[in-house]
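Residue numbers for the sequence shown follow my numbering, so the first one is 11 and each next one is one higher.
Ideal Cβ positions, reconstructed from N, Cα and C, are used throughout, including at glycine.
Just so you know, these numbers come straight off a predicted model, no measurement behind them.
First comes the structure, then the notes that go with it.
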Amino acid sequence: MDLFSRSWTALRTAVAELSDEDFAQPSGCAGWLVRDLVCHLVIDAQDVLITLVTPTDAEPTRDAVTYWKVSDTPPTGDDPLDALTVRLAAAYQDPGLLKFHLDDIGSAAGRAAELADPAVRVSTQGEVLTAGDYLSAYVLEWTLHHLDLIAHLPHVAEPPAEGLARTREILEKIAGTAFPESFSDEDALLVGTGRRAPTDAEKAELGELAAKLPFVIG
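See below:
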C-alpha cells in the first residue's frame, strides 16, 4: 500500500509540473493527447474512491495479478469509452482546471488508500478483492500511465524505480515467464504491453516469448 501511495504521488506530481503546452502533446496511449490521459486519471481516482467505500463480505475472486484483463489487441482509441474521455478532456479547455481536478480528487483517493484496512474486502466491476490487493494492482495502472505520460515529454520525471520493478513482476506473472535480465524494467513494460515494438535484437533475446506479445492490460 505504501508503493501505491508513492507511485500515485509521483504521477500526480508529474502532472502538476506540466506546462500548458505539454497537455497538447501526444501520450503513449493510442489516440490520446496528454490532456486525455490526465482526464482518464481523474476517472481512475474516482474509481479508487468508489471501490474503497464499497465493502463486501463475499470471498475474493481476484488478486493483484488476476484483477487485470489481458488481450493481445492493442487499443486504437476508437472505443466508445475512450472517445468519451477525449470529449471530457476537451471540455476542460484550460489545462489548469484539469490539473486542479486531478489534484483535488487524486489527493482524496490517496488519503483514502492510506486509511484503508488492507484486509477489508471490496467490490469493483463485479469482482471482489482485498483492499490491499486492489491497491497493489493499481501500482501497475499508475506506473504504465506514468510511462504513457512521459512518452513524448522527456523532461518529465520518470516513475519510481520500485513501481517499475513491481509492475514488471506483475506483468511477468501474467505472461507466465520472465523477460530477459538484459531488459530494463521500463523496456520490459513498454515492449511487453505493446507500447513499443521490440528491436530485432530484443526479439532474439525474447525467444518464444516474442510470439506471445503484446500483453494488452486493461
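Query	Result
Bounding residues of the beta strand (DSSP E) (the contiguous stretch that carries Ser133)	Arg131 to Thr134
Sufficient close CB pairs (3 or more, under 8 Å) joining the stretch 36-50 to the stretch 127-141	no
Val63, DSSP secondary structure in three states	coil
Alpha-carbon spacing of Asp89 relative to Gln35, whole angstroms	21 Å
8 Å Cβ cutoff met for Val186 and Trp152	First, the amino acid is wrong: residue 186 is Gly here, not Val. Cβ atoms of Gly186 and Trp152: not closer than 8 Å.
C-beta atoms of Ala55 and Gly106 nearer than 8 Å	no
Local conformation of Ile227 per DSSP, three classes	strand
Residue nearest to Gly202 in terms of C-alpha spacing, selected from Ala141, Ala214, Ile227 and His165	Ile227
Alpha helix (DSSP H) segments (min. 4 residues) lying fully within the stretch 75-157	90-102 and 105-125
Contact set for Gly38: own chain, Cβ-Cβ below 7 Å, skip 5 residues either direction	Leu157, Asp158, Ala161 and Arg205
Coil, strand or helix - Leu43 by DSSP	strand
Through-space distance from His155 to Ala126, alpha-carbon basis	23 Å
Arg131 burial status per 10 Å Cβ neighbour count (16 or more: buried)	buried
Residues that DSSP places opposite Pro36 in a beta bridge	Leu43
Nearest neighbour of Gly74, chosen from Arg178, His111 and Pro164 [CA to CA]	Reading off the sequence shown, one finds Ala at residue 74, where the question assumed Gly. Here the closest residue by C-alpha is Arg178.
Three-state secondary structure assigned by DSSP to Arg178	helix
Continuous alpha helix (DSSP H) stretch holding Phe14: start and end	Asp12 to Ala26
Backbone CA spacing between Ala122 and Ser15 [nearest angstrom]	10 Å
Neighbourhood of Ser133 by C-beta, 6 Å cutoff - its chain only, sequence neighbours within 5 removed	Thr64 and Thr66
heavy atom of the ligand MN below 7 Å from Thr95 C-beta	Ligands displayed in this structure: none; no statement on the ligand MN is therefore possible.
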